[in-house]
Amino acid sequence: MGELAPSTKTNISVNFSGKINKIVPEGSFIEKGYEVAIIDVKEREDKYKEKQLREKVLNKEKRIIEERAAADIRSLENNIKIKKIDLEILSLDYEILIMPLKKQKRKEFEISIKLCENALKGIGNEYELKKEMSKKGYISANELSKIRVRLNKSRASLEVAKYKYDYEKSLPLPSQLAKSSMELQKAKLDFELEEFKLNKRHLKLKYDLEKKGIEIRSNKYQLRELKKIVEGANVKAPISGTAVYVKKWSSEGMKKIKEGDITRDNMTFMELSNLDSFYVKASVAEEYFNKIRAGQPVMFYLPAAPDNKYEGKIRSIGLFAREREESSIFSMDRDDVITEAPKFFDIEIETAVRNPKFQPGITVNFEIPLEAKEGVITIARKFLFRDRQGDFVYLRGGEKRRVRAGIKSPEEVEIVEGLSEGDVIAY
Numbered sequence: 002m003g004e005l006a007p008s009t010k011t012n013i014s015v016n017f018s019g020k021i022n023k024i025v026p027e028g029s030f031i032e033k034g035y036e037v038a039i040i041d042v043k044e045r046e047d048k049y050k051e052k053q054l055r056e057k058v059l060n061k062e063k064r065i066i067e068e069r070a071a072a073d074i075r076s077l078e079n080n081i082k083i084k085k086i087d088l089e090i091l092s093l094d095y096e097i098l099i100m101p102l103k104k105q106k107r108k109e110f111e112i113s114i115k116l117c118e119n120a121l122k123g124i125g126n127e128y129e130l131k132k133e134m135s136k137k138g139y140i141s142a143n144e145l146s147k148i149r150v151r152l153n154k155s156r157a158s159l160e161v162a163k164y165k166y167d168y169e170k171s172l173p174l175p176s177q178l179a180k181s182s183m184e185l186q187k188a189k190l191d192f193e194l195e196e197f198k199l200n201k202r203h204l205k206l207k208y209d210l211e212k213k214g215i216e217i218r219s220n221k222y223q224l225r226e227l228k229k230i231v232e233g234a235n236v237k238a239p240i241s242g243t244a245v246y247v248k249k250w251s252s253e254g255m256k257k258i259k260e261g262d263i264t265r266d267n268m269t270f271m272e273l274s275n276l277d278s279f280y281v282k283a284s285v286a287e288e289y290f291n292k293i294r295a296g297q298p299v300m301f302y303l304p305a306a307p308d309n310k311y312e313g314k315i316r317s318i319g320l321f322a323r324e325r326e327e328s329s330i331f332s333m334d335r336d337d338v339i340t341e342a343p344k345f346f347d348i349e350i351e352t353a354v355r356n357p358k359f360q361p362g363i364t365v366n367f368e369i370p371l372e373a374k375e376g377v378i379t380i381a382r383k384f385l386f387r388d389r390q391g392d393f394v395y396l397r398g399g400e401k402r403r404v405r406a407g408i409k410s411p412e413e414v415e416i417v418e419g420l421s422e423g424d425v426i427a428y
């Protein structure tokens with residue numbers, strides 16, 4: 002048994018999940034670009050609008066980050082300029098402080114001292130002379146007193162000049178040097194601190210922008226994906242063809258898709274088919290796998306018209322065996338004996354027949370001519386049981402007899418060994 006399938010078809014699916022709100026009637030001919038289904042994406046539409054608003058908010062937050070950072074950086078750059086000027090001034094003061102006394106300045110001090118010494122010597126000579134004259138009564142005591150005052154002033158001027166010279170030579174004082182050095186070090190640290198703050202602010206700006214950039218890119222990605230879903234909610238036909246609903250598993254078994262059903266990511270819910278040509282999707286029992294080949298002739302017919310048989314040939318044979326859903330009817334039997342679940346290989350049968358009665362999914366029966374055998378003993382499939390030791394049957398009266406099975410079909414089994422013609426078996 003098999004079913005008809007169109008030779009040319011295109012699967013219709015969407016890359017997201019959603020409820021099918023509307024779908025074109027099955028069997029309708031759909032032109033390319035025509036709407037074939039509408040998927041419910043109301044929640045995605047709301048999310049899409051939310052992401053659009055979020056995009057504006059994120060871009061505004063990014064601008065605020067840049068503006069605040071620019072203001073902070075300008076302030077720090079101004080602070081650095083001020084700290085740099087302070088550092089340069091203190092560096093200059095320190096250099097002046099530790100600079101040795103210049104040769105010219107030393108010469109000036111020495112000349113000043115020499116002049117004071119010469120002046121003192123001149124006044125001293127004058128005083129000695131006037132002093133002798135005062136003894137002889139040539140000058141008054143008052144005039145001699147004035148000369149003595151000038152002499153004392155000259156001595157004081159010499160002492161002051163020497164003191165200044167010694168003081169300049171002793172500079173800088175340890176306390177001055179320590180204070181100036183501390184002020185200079187503090188200025189350097191202040192300058193370096195402002196540079197560090199500026200560097201950290203640049204790094205923080207970079208980090209904040211990278212973080213915000215990740216949020217923006219993530220939001221844009223979600224926005225693009227949601228846009229695809231929203232725009233893909235109205236499913237359009239990629240080609241022209243006849244709408245064929247696809248069967249899917251439900252709590253009631255295999256059912257065709259319908260409005261209100263949920264479609265999953267990339268799940269085919271409809272096919273657009275070209276009904277000009279068909280092939281037969283079928284399966285054969287594993288016993289026949291080695292007896293059939295590609296290109297082998299096949300006869301098939303519709304159950305409603307068994308007398309009208311059509312020609313075809315095997316186009317392909319599946320490589321892997323599988324169990325059909327209906328195989329469960331062979332699995333349980335009397336005394337809880339587990340019977341063998343038959344396995345099948347899928348085949349495709351091509352045909353050049355054109356018939357307006359051919360429709361996708363219609364059941365067909367087919368016949369594959371095989372070699373003929375004479376004297377074959379066959380029994381109904383339901384009479385064959387299997388346990389750990391192998392195949393067996395029950396004879397009338399309950400006797401259990403081992404047999405060796407040959408070719409099997411869903412209905413009958415060939416018994417190669419263990420039974421003779423006329424044996425009566427029971428179920």
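Be aware that the sequence shown starts at 2, since it is given in the numbering used here, and climbs by one per residue. Where a beta carbon is used, it is the ideal one built from N, C-alpha and C, also for glycine.
Is residue j closer than 8 Å to residue i when the C-beta atoms are compared?
i    : j    : result
L88  : F197 : no
P343 : K409 : yes
R316 : E349 : yes
I258 : Y246 : yes
L77  : R218 : no
M271 : V15  : no
S278 : S8   : yes
E195 : K84  : yes
S244 : I31  : First, the amino acid is wrong: residue 244 is Ala here, not Ser. Yes, Cβ-Cβ distance for A244 and I31 is below 8 Å.
I220 : R55  : For the sequence presented, residue 220 should be read as Asn rather than Ile. Their beta carbons are under 8 Å apart, which means N220 touches R55 by this criterion.
Q297 : K310 : no
A295 : I318 : yes
A70  : L224 : no
R387 : E413 : no
I148 : K131 : yes
Y280 : E351 : yes
How many angstroms separate the CA atom of residue i from the CA atom of residue j?
i    : j    : result
Y95  : P175 : 13 Å
A162 : C117 : 8 Å
G398 : F290 : 36 Å
R355 : I13  : 25 Å
P304 : Q53  : 58 Å
R335 : K401 : At R335, the pLDDT of 49 sits below 50, so the modelled position is not reliable and the matter cannot be decided from this model.
K213 : I86  : 37 Å
L320 : V236 : 35 Å
F346 : A322 : 5 Å
E415 : E375 : 12 Å
I99  : Q186 : 15 Å
T379 : M2   : 21 Å
E111 : S92  : 30 Å
E129 : S113 : 24 Å
Q360 : L5   : 7 Å
R265 : K20  : 9 Å
E253 : K23  : 22 Å
L190 : M183 : 11 Å
Let me check understanding here. Comparing Cα to Cα, which of the options lies closest to residue i?
i    : options                  : result
L199 : K344, R45 and N79        : N79
K33  : E129, L54, V414 and A238 : A238
I426 : L121, E4, V394 and Q297  : V394
K229 : D424, R64, R151 and V42  : V42
A120 : P26, E133, R156 and S8   : R156
K256 : G362, L98 and L276       : G362
L273 : G28, E68, F386 and L159  : G28
Q177 : F359, E4 and I97         : I97
E46  : E232, L93, Y128 and E127 : E232
P307 : N366, Q223 and R389      : N366
S421 : E412, V404 and E351      : V404
I40  : G261, S252 and Q390      : G261
S158 : M300, G242, K57 and K122 : K122
K108 : K48, K170, E312 and E226 : K170
I need the DSSP call for residue i, collapsed to helix, strand or coil.
i    : result
F192 : helix
S8   : strand
G123 : helix
R402 : strand
S155 : helix
F359 : coil
L420 : coil
M100 : coil
S252 : coil
F270 : coil
A386 : According to the sequence shown, residue 386 is Phe rather than Ala. Correct three-state label for F386: strand.
L396 : strand
G28  : coil
I74  : helix
G34  : coil
N22  : strand
K409 : strand
G214 : helix
I330 : Residue placement at I330 is flagged as unreliable, the pLDDT there being 38, under the threshold of 50; a coordinate-derived value is accordingly withheld.
K137 : coil
What are the complete beta strand (DSSP E) segments, minimum 3 residues, inside the stretch 278–325? 298–303 and 306–318
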